[in-house]
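Participant: Oh and the sequence shown: position 172 is 171 in numbering that gives the first Met the number 0, straight run, nothing missing. Ideal Cβ placement from N, Cα and C applies to all residues, glycine included.
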Amino acid sequence: MIITANTRLARMLKQAHDKVQIENGHTVWTAPDILPIAAWLDRSWRSWIYVTNAANPVQLLSTSQERAIWEGIVARSDAGSELLQVAPTADAAASAWNLVHAWKIPFDARDWDNARDSEAFRGWAEEFQKLCDKRNWISAACLPDFIAAKIASGEISAPPHVQVAGFAEFTPAQERLLESLRQKDTVVEILLTLDRAGRQSAVRVKFDDSLHEIRAAARWARTQFELDAQRGQDEPAIGVVVPELSKYRSAIERLFAEEFHPGGRMSPDLDSRRAFNISLGLALSEYPLIQSALRVLRMNRTGNIPFDDVTILLRSPFLAKAHTETAACAAHDLRLRSLIEPELTLSDISANAPPGFKSALARWELEHAKTSGRKFPSVWSTAFAGELNSMGWPGERPLNSSEYQTNLAWNDLLSEFAALDSVTGEVSRSAAVSMLRRAASAREFQPESEPAPVQILGELEVSGMRFDHLWIIGMHDGVWPRATTPNPFLPLRLQRSLNLPHSSAARELEFTSLLTERLLASASEVIVSYPSKESDTDLRPSPLFANIPEVPQGGLELPKALGFAQKLHGKDIEVISDSIAPEWNGSRAIGGTSIFKYQAACPFQAFAKVRLGAEDLETPTSGLSPLDRGNLVHDVLSAVWKELGSHETLITENSAQLRAVVHDEVEACIRKLGLKRRALLSPRFAAIEQGRLEKLVADWLELEKQRQPFKVISLEEQRAVTFGGIDFTIRADRIDRMDDDTHIVVDYKTSKHSPKEWDGDRPDEPQLPLYAVTTDVPPAGVVFAIVKAGESKFAGLTGSDGILPGIKAASGVEALSNRVPRWRMVLEKLAADFRSGKAAVDPKQPHQTCRICGLQGLCRISESNLPDEGADSPDSEAADD
Ligand code: SF4
0 MIITANTRLA RMLKQAHDKV QIENGHTVWT APDILPIAAW LDRSWRSWIY
50 VTNAANPVQL LSTSQERAIW EGIVARSDAG SELLQVAPTA DAAASAWNLV
100 HAWKIPFDAR DWDNARDSEA FRGWAEEFQK LCDKRNWISA ACLPDFIAAK
150 IASGEISAPP HVQVAGFAEF TPAQERLLES LRQKDTVVEI LLTLDRAGRQ
200 SAVRVKFDDS LHEIRAAARW ARTQFELDAQ RGQDEPAIGV VVPELSKYRS
250 AIERLFAEEF HPGGRMSPDL DSRRAFNISL GLALSEYPLI QSALRVLRMN
300 RTGNIPFDDV TILLRSPFLA KAHTETAACA AHDLRLRSLI EPELTLSDIS
350 ANAPPGFKSA LARWELEHAK TSGRKFPSVW STAFAGELNS MGWPGERPLN
400 SSEYQTNLAW NDLLSEFAAL DSVTGEVSRS AAVSMLRRAA SAREFQPESE
450 PAPVQILGEL EVSGMRFDHL WIIGMHDGVW PRATTPNPFL PLRLQRSLNL
500 PHSSAARELE FTSLLTERLL ASASEVIVSY PSKESDTDLR PSPLFANIPE
550 VPQGGLELPK ALGFAQKLHG KDIEVISDSI APEWNGSRAI GGTSIFKYQA
600 ACPFQAFAKV RLGAEDLETP TSGLSPLDRG NLVHDVLSAV WKELGSHETL
650 ITENSAQLRA VVHDEVEACI RKLGLKRRAL LSPRFAAIEQ GRLEKLVADW
700 LELEKQRQPF KVISLEEQRA VTFGGIDFTI RADRIDRMDD DTHIVVDYKT
750 SKHSPKEWDG DRPDEPQLPL YAVTTDVPPA GVVFAIVKAG ESKFAGLTGS
800 DGILPGIKAA SGVEALSNRV PRWRMVLEKL AADFRSGKAA VDPKQPHQTC
850 RICGLQGLCR ISESNLPDEG ADSPDSEAAD D
């Protein structure tokens, strides 16, 4: 029997054994008894339960039961009554309990101080122990001692020979367990894996940041894989070790999938056959199948349902008719988005829903009504299964291998939840859903897959493993040696005197040095890399790798990065440029001045938005969106100036009169918008918005008072124009006539803007230049009125100084009169490009432009060769005008 430190090593040793059998010509052989220590303890426990004669044998608590007991104890305690979040504290107390048992920390030791946290933990632990004694339970932390005792008493038979592999160190509890085997004459052999002779070369490489580092490691892994295949090595062992695996897991998943399986999204069953495997699984709650289930369980019949849940359920493939009604459900999602409500009622969702989805909702409503009030978890478990079933979960199409395994894990979780009756008693529906959700979040899950040649692992999992090639990522001085993180509930002095993990810098240095040796000995060829920056912090290589020679990135001789198409189809592909659409034969175009803005930002954006009518999806937000807020400011200022009419009235009204005008107009605009936005129906929310707007507008009017005299002659007036062969409507927010009869054109903005946005061949904000080139009366000024709390100002161009506060007239080529002909040329060129069908996917500033465009799914920019800077969320502020 071989007992390993982790599942991965057990699997690898089994595979190695199978390989040897095959190489020796065997077709059948006895499966080796290789298993991780947790599985061995569990097997020993089960074997004891089957043979014991005890009338009332002890019960081993499941993870969910332990969690529920700790939460109950912490919540009921005096210390717990002050906590904002009981669940994380209960989790931390449970880990302290595990440490106490693994490291044999005596509760009566003198070192237990009177610190509040330690005292609180000691109280909780005593209660936990009392409860276990009373109910005849034991926790998983006590299992090694329990098994050791049963081996000693002969109730569990000891095997004749045990090999132990992959342990970086043993806890005292594990030592005792092994000693109990030795006492029964078992030969216990500790397999040491340190093999200095294995390493032939190691180099260190610096990268700009972690993303570049991971991307290079992915390319290196693919190259090694291909080279080994060319050499006829059919089962290469390529390792990538990442100490901060949980932090970088999603980036690793994305970048390795792009490198190894660029077309992976087109083969849904790829998961079980991938060339790489990440040792760290996801929380069960993060799998789409489980997310759908949890969202169904969160729905309620009488209250509001978050839009985020509704949209995901409508597009989930795991509900009734999801396959046959995909398009109808997507259309219904669009309809619901147009309500722009962050929360919807069941009747909102049901109205006009596709028939399959609608009848599933009706079935769910009946099922949901059957169970209410406080019930035992076993009752809720049955009710939840029924509710999911009524919604057609897990869907009409057959589940693939990973989904099938995920479904089994969910069933297991529900059964574990059902076994909580004796621990929690009766609980409400919301408490039951929340317990189930927390249990799903706490359970790490990884579907079984075919053995993969590329293994991506944490540093502790490498113990005992051998690779042909190994890359160690992220070895900077902030991570290696690791920082000390003593347990907050155990006295620090005690942790240090017993040499607990993470308790002191000296211990971390010693342990990390040992791991470093083991990592470097795990392969004959090792690359150690580190990022030189993280955010604004400069990083240096870990001092533990100081002896390894540093080489430039070019020294790795990695092949050039391939584009998406090349990765997908190989290097020899024919490139066909397809950036010219048919000529535009219309005259009138939807979109108004936006046509010019889109064409300048990205020709494909103009083609798709104006000619194909493509749009970004509406996403309801809580309260008001930035667009709503921007429109409110426009509406209020328009209404206020309609009332005032001129600079003279502004300065002659007394402050009380002015305040009253602003108050009334803000109130009227909020009332009008409140007819469309439910958020504004809340009196408290409306009052906050009223106060904010009144202050903003009052401050703005103070700035307007400093101007030379003017009359407002136009507000939001629309004008039909023809320019560059395109008919469209142009609108200026406001036009003021000065005493000398010249005009100032004003464009309100509620975020930062600058007149630089009118410059160049691809202007960001061509609206005012368009106005200037299409008006019969040449303006004496074109300006942004930036109405923003604390930053309000005019920004723009005027023909002479002093017309507007803070604006000096430019001279020479930069003078307004000289800019207008240049603007005309640029805008005519943009119009001609649009008409001639120029539609290249060519964003002006790839990351910024695409962020606010919303058409990434249509133009597939992410599949181009543009450098990747990560998928940041759209810049909401930029959307408010
Ligand atoms: S997402 Fe970017 S590349 Fe695609 S259409 Fe929009 S701006 Fe152009």
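How about G893 and T3: are their beta carbons less than 8 Å apart?
Facilitator: In this structure the chain extends from 0 to 880, so residue 893 is not present and cannot be described.
Participant: Taking M737 as part of the beta strand (DSSP E), name the residues at either end of that continuous run.
Facilitator: From DSSP, the beta strand (DSSP E) with M737 extends over I725 to M737.
Participant: How about the region 81 to 101 and the region 131 to 140: do they share at least three Cβ pairs that are nearer than 8 Å?
Facilitator: Contact between the region 81 to 101 and the region 131 to 140 is present, because at least three Cβ pairs lie under 8 Å.
Participant: So which of Q14, E22, I21 and N23 has the shortest CA-CA distance to D32?
Facilitator: Looking at the Cα atoms, Q14 is the closest of the given residues.
Participant: Report yes if the C-beta of Q598 is less than 7 Å from at least one heavy atom of the ligand SF4; otherwise report no.
Facilitator: Outside the cutoff, so no.
Participant: So, is W44 buried or exposed, given that buried needs 16 or more other C-beta atoms within 10 angstroms?
Facilitator: Buried, by the Cβ-count rule.
Participant: Hey, how far is the Cα of A148 from the Cα of W136?
Facilitator: The alpha-carbon atoms of A148 and W136 are separated by roughly 16 Å.
Participant: Alpha carbon to alpha carbon, how far is I860 from P341?
Facilitator: In a straight line, the C-alpha of I860 is about 29 Å away from that of P341.
Participant: Is it buried or exposed, D28, if we count other Cβ atoms within 10 angstroms and call 16 or more buried?
Facilitator: In the sequence as presented, Asp is not what sits at residue 28; that position holds Trp. So W28 counts as exposed.
Participant: How would you call M824, buried or exposed, if buried means at least 16 neighbouring beta carbons within 10 angstroms?
Facilitator: Exposed, by the Cβ-count rule.
Participant: With the cut-off set at 8 Å, would you say P881 and D800 are in Cβ contact?
Facilitator: Not covered by the structure: residue 881. The range shown for the chain is 0 to 880.
Participant: Is it a yes or a no for the region 386 to 398 touching the region 315 to 323, going by three-plus beta-carbon pairs under 8 Å?
Facilitator: Yes, they touch.
Participant: Is any heavy atom in the ligand SF4 found nearer than 7 Å to the beta carbon of T26?
Facilitator: Checking every heavy atom of the ligand SF4 against the Cβ of T26, none is found closer than 7 Å.
Participant: Can you find the residues in the same chain that come closer than 7 Å, C-beta to C-beta, to A89, ignoring five residues on each side of it along the sequence?
Facilitator: Excluding residues within five positions, the ones whose Cβ falls inside 7 Å are R66, W69, E70 and V73.
Participant: Checking the sheet assignment: what are the DSSP bridge partners for H742?
Facilitator: For H742, which the question treats as bridged, DSSP gives the partners R736.
Participant: For E366, which beta-bridge partners are listed by DSSP?
Facilitator: DSSP, once it has assigned bridges, lists no residue as partnering E366.
Participant: Indicate the three-state DSSP secondary structure (helix, strand or coil) for S816 in the structure shown.
Facilitator: Note: S816 maps to helix in three-state DSSP.
Participant: Given that a residue counts as buried once 16 or more other Cβ atoms are within 10 Å of its Cβ, and exposed if not, what is Y247?
Facilitator: It is buried - the Cβ of Y247 has at least 16 other Cβ atoms within 10 Å.
Participant: Applying the 10 Å Cβ sphere with the 16-neighbour rule, what's the burial state of Y597?
Facilitator: By the neighbour-count rule (16 or more Cβ atoms within 10 Å), Y597 is buried.
Participant: Would you mind giving the Cβ-Cβ distance between S460 and N23, rounded to the nearest angstrom? I have them listed as a contact below 8 Å.
Facilitator: The question names Ser, but residue 460 in the sequence shown is Glu. No, E460 and N23 are not in contact; Cβ-Cβ is about 29 Å, not under 8 Å.
Participant: Which value, in whole angstroms, describes the spacing of the CA atoms of P251 and G238?
Facilitator: For the record, residue 251 in the displayed sequence is Ile; it is not Pro. About 13 Å.
Participant: So the alpha helix (DSSP H) Q494 belongs to, where does it begin and stop?
Facilitator: First-last of the alpha helix (DSSP H) with Q494: L491 to S496.
Participant: Please report the distance separating the alpha-carbon of V550 from that of R203.
Facilitator: Their Cα atoms are separated by approximately 6 Å.
Participant: Which of helix, strand or coil does DSSP assign to K13?
Facilitator: Helix, per DSSP.
Participant: Let me confirm a value: G805 is counted as buried when at least 16 other C-beta atoms fall within 10 Å, else exposed. Which label applies?
Facilitator: The residue in question, G805, is exposed, as its Cβ has fewer than 16 Cβ neighbours within 10 Å.
Participant: Run the proximity test for Q494: is its beta-carbon closer than 7 Å to any non-hydrogen atom belonging to the ligand SF4?
Facilitator: No; taking the cut-off as 7 Å, the Cβ of Q494 has no heavy atom of the ligand SF4 nearer than that.
Participant: Grab the span of the beta strand (DSSP E) containing P529 for me, first residue to last.
Facilitator: Per the sequence shown, residue 529 should be read as Tyr rather than Pro. From DSSP, the beta strand (DSSP E) with Y529 extends over E524 to P530.
Participant: Could you have a look at E716 and say whether DSSP puts it in helix, strand or coil?
Facilitator: Strand, per DSSP.
Participant: Where does the unbroken beta strand (DSSP E) through H331 begin, and where does it stop?
Facilitator: From DSSP, H331 is part of no beta strand (DSSP E) but of the alpha helix (DSSP H) over T325 to R336.
Participant: Report back the beta-carbon spacing between A217 and F206 to the nearest angstrom; my notes put them in contact at under 8 Å.
Facilitator: About 13 Å; that fails the 8 Å criterion.
Participant: Considering only their Cβ atoms, is the gap separating I785 from H752 smaller than 8 Å?
Facilitator: Yes, the pair counts as a contact, with Cβ atoms nearer than the cut-off.
Participant: What are the start and end residues of the beta strand (DSSP E) that includes F544?
Facilitator: Careful: F544 lies outside any beta strand (DSSP E) and carries neither H nor E.
Participant: How long is the line joining the alpha carbons of R761 and H568, rounded to whole angstroms?
Facilitator: Going by the C-alpha atoms only, they are around 35 Å apart.
Participant: What are the start and end residues of the beta strand (DSSP E) that includes Q786?
Facilitator: A quick correction: the sequence has Val, not Gln, at residue 786. Here V786 belongs to no beta strand (DSSP E), and DSSP marks it neither H nor E.
Participant: Closest to L8 by C-alpha separation, out of K18, Q20, I36 and R181, would be which residue?
Facilitator: Ranking K18, Q20, I36 and R181 by Cα distance to L8 puts I36 first.
Participant: To which residues of the same chain is P480 closer than 6 Å at the C-beta, ignoring the five residues directly before and after it?
Facilitator: Excluding positions up to five away in sequence, the list reads E507, L508 and T511.
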